[in-house]
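Using this note's numbering, the first residue of the sequence shown is number 117, and each one after it goes up by one.
Cβ atoms here follow ideal geometry from the backbone N, Cα and C, with glycine treated the same way.
This structure is a prediction, so every number in the text was calculated from the model and none was measured.
Written out below as structure tokens is the structure these notes cover.
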Amino acid sequence: MVLKKLLIIALKIIYLVNKMISVIIPVYNEADNIKILAKKIKDSLLNYKYEVIFINDGSIDETEKKIKEIVNRNKNFLCINFKRNFGQTAALQAGFDYASGKIIIALDGDLQNDPSDIPKLIKKINEGYDVVSGWRKNRKDSSLSRVLPSIIANYIISKITGVSLHDYGCTLKAYKKDVIKDIKLYGEMHRFIPIYACWEGAKVTEIEVNHSKRYYGKSKYGISRIPKVLLDLMVVKFFDKLISRPIHLFGKLGFSLITLGFFASIYAIWLKIFRDISFILTPLPLLIIFFLLSGILCILLGIVAEIQSRIYFQAGNNKSYLVKNIFKSNKNKF
Numbered sequence: 117m118v119l120k121k122l123l124i125i126a127l128k129i130i131y132l133v134n135k136m137i138s139v140i141i142p143v144y145n146e147a148d149n150i151k152i153l154a155k156k157i158k159d160s161l162l163n164y165k166y167e168v169i170f171i172n173d174g175s176i177d178e179t180e181k182k183i184k185e186i187v188n189r190n191k192n193f194l195c196i197n198f199k200r201n202f203g204q205t206a207a208l209q210a211g212f213d214y215a216s217g218k219i220i221i222a223l224d225g226d227l228q229n230d231p232s233d234i235p236k237l238i239k240k241i242n243e244g245y246d247v248v249s250g251w252r253k254n255r256k257d258s259s260l261s262r263v264l265p266s267i268i269a270n271y272i273i274s275k276i277t278g279v280s281l282h283d284y285g286c287t288l289k290a291y292k293k294d295v296i297k298d299i300k301l302y303g304e305m306h307r308f309i310p311i312y313a314c315w316e317g318a319k320v321t322e323i324e325v326n327h328s329k330r331y332y333g334k335s336k337y338g339i340s341r342i343p344k345v346l347l348d349l350m351v352v353k354f355f356d357k358l359i360s361r362p363i364h365l366f367g368k369l370g371f372s373l374i375t376l377g378f379f380a381s382i383y384a385i386w387l388k389i390f391r392d393i394s395f396i397l398t399p400l401p402l403l404i405i406f407f408l409l410s411g412i413l414c415i416l417l418g419i420v421a422e423i424q425s426r427i428y429f430q431a432g433n434n435k436s437y438l439v440k441n442i443f444k445s446n447k448n449k450f
């Protein structure tokens, strides 16, 4: 009996070790960080079967050249070059599309995420979670321009979506491939992947991860991204509640405006009959016309949104990025 249990444990260990891990890294002008990052990733994954996919998001420095040097020396590394800069969301989507691993790890290419945290995320995935999000509890960024806005944004996102995480903006996350294979990302939606996954029934958690100062290169993030995040959050909420029935939103708004126009008309008639005040001497005609026309336009907009919704659900598999080329080692993989 003891031998049988030991055999089962050994088989489980072999299964977990041999389970393919895909590490995807969007990079844009990170030439000074690439080689250091590649070494740290290799050191952290010595006991795993893995692949590393760099997505070069239209870099204009020597990032592509540095990645090619790494790929030429490492059979586990791959480089996807975009034709131009499409943004981090599109780069992550490309990584998800090309990854062959059962577990996918995403991290930034600026060395602020610590690759030594990867085994911790994998361990948590193997405990039964579908998405494990990194929490940069002790961030090494500017408190005013980065940390404070992040805390506020994370609080708002958690309250609106009902998914409670401390750090949506941390790129360092682990995903089961089966959970994210049907999620399509556009705009700047990458920070909301745990929300999409949770809404689809995935088991989501977070763990504390290390965070370092940026020593090389220039940050691509700042306080100017906050309005974009809030706008994207509105879209996420719309997709959650109303993507399949947008006429309900626009229709309710339209009928509410028409109702206001109707009551404004009643009030204008009441003024004429009981107060002998001509409605043309009041702003009521303009309000009535505004409410009625706005209501009609909202209903028509709802119909158009319904048509767009049908197109969305029936559309083909359109990509949010364009690949220039894919560069891999001539050596046999693994």
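Is I169 closer than 8 angstroms to A215 when the C-beta atoms are compared?
Cβ distance < 8 angstroms, so A215 and I169 count as in contact.
Quick one: what's got a C-beta closer than 7 angstroms to N254's C-beta in the same chain, skipping five residues either side?
So the list reads H327, once near-sequence residues are dropped.
Pick out the complete alpha helix (DSSP H) segments inside the stretch 366 to 440, 4 residues or longer, and give them in chain order.
Whole alpha helix (DSSP H) segments, 4+ residues: 400 to 430.
When DSSP labels each residue in this structure, what does I137 get in the three-state scheme?
The answer is strand: DSSP assigns I137 an E or B state.
Looking at the strands, I want to know which residues DSSP matches up with K155.
Answer is none; K155 lacks a bridge partner.
Please name the residue, chosen from L161, F406, K155, N149, that lies closest to N135 on a Cα-to-Cα basis.
According to the sequence displayed, residue 135 carries Lys and not Asn. It is L161 whose Cα lies nearest to the Cα of K135.
Kindly indicate which three-state DSSP category N242 falls into: helix, strand or coil?
Reduced to three states, the DSSP call for N242 is helix.
Expressed to the nearest angstrom, what Euclidean distance is found between the alpha-carbon atoms of Y144 and A313?
Those two C-alpha atoms are separated by around 27 angstroms.
Measure from the alpha carbon of I109 to the alpha carbon of each residue in K256, I276, H282, then state which is nearest.
Only positions 117 to 450 of the chain appear in this structure, which leaves residue 109 out of reach.
With a 10 Å radius around its C-beta and 16 neighbouring C-beta atoms as the bar for buried, classify S138 as buried or exposed.
It is buried - the Cβ of S138 has at least 16 other Cβ atoms within 10 Å.
Run through DSSP, which three-state label would K191 get?
Reduced to three states, the DSSP call for K191 is coil.
On the three-pair Cβ rule with 8 angstroms, is the stretch 146 to 156 touching the stretch 172 to 184?
These segments touch.
Measuring straight from C-alpha to C-alpha, what distance separates K165 and K236?
Cα-Cα distance, rounded: 16 angstroms.
Is K191 near D246, with beta carbons less than 8 angstroms apart?
No. Outside cutoff.
Compare the C-alpha of G225 against each of K368, W386, L288, F378 and name the closest.
Ranking the options by Cα distance to G225, first place goes to L288.
According to DSSP, F308 sits in a beta bridge with which residue or residues?
F308 is not bridged to any residue.
What does DSSP give as the partner residues of V247 in its beta bridges?
DSSP, once it has assigned bridges, lists Y291, V320 as partnering V247.
Any idea if L438 is buried or exposed, counting beta-carbon neighbours within 10 angstroms, 16 or more meaning buried?
Classification for L438: exposed.
Give me the residue from G278, I442, D177, E324 with the minimum Cα distance to P310.
Looking at the Cα atoms, G278 is the closest of the given residues.
What residue from A318, I220, R189 has the CA that sits closest to G244's CA?
Selected option, being the one with the closest Cα: A318.
Quick check on DSSP: helix, strand or coil for E167?
In the structure shown, E167 sits in a strand (DSSP, three-state: E or B).
Considering Cα atoms alone, identify which of I140, L373, D177 is closest to I220.
For I220, the nearest C-alpha among the options comes from I140.
How would you call P399, buried or exposed, if buried means at least 16 neighbouring beta carbons within 10 angstroms?
The residue in question, P399, is exposed, as its Cβ has fewer than 16 Cβ neighbours within 10 Å.
Can you tell me the Cα-Cα spacing of I176 and K329, whole angstroms?
Using only the alpha carbons, I get a separation of about 23 angstroms.
State the start and end residues of the unbroken alpha helix (DSSP H) segment that holds A210.
Per DSSP, A210 belongs to the alpha helix (DSSP H) from 204 to 214.
In the DSSP output, what is N172 paired with across the bridge?
V143, N197, per the DSSP bridge assignment.
Could you tell me the distance, in whole angstroms, from the CA atom of C195 to the CA atom of V325?
Answer to the nearest angstrom: the Cα atoms are 26 angstroms apart.
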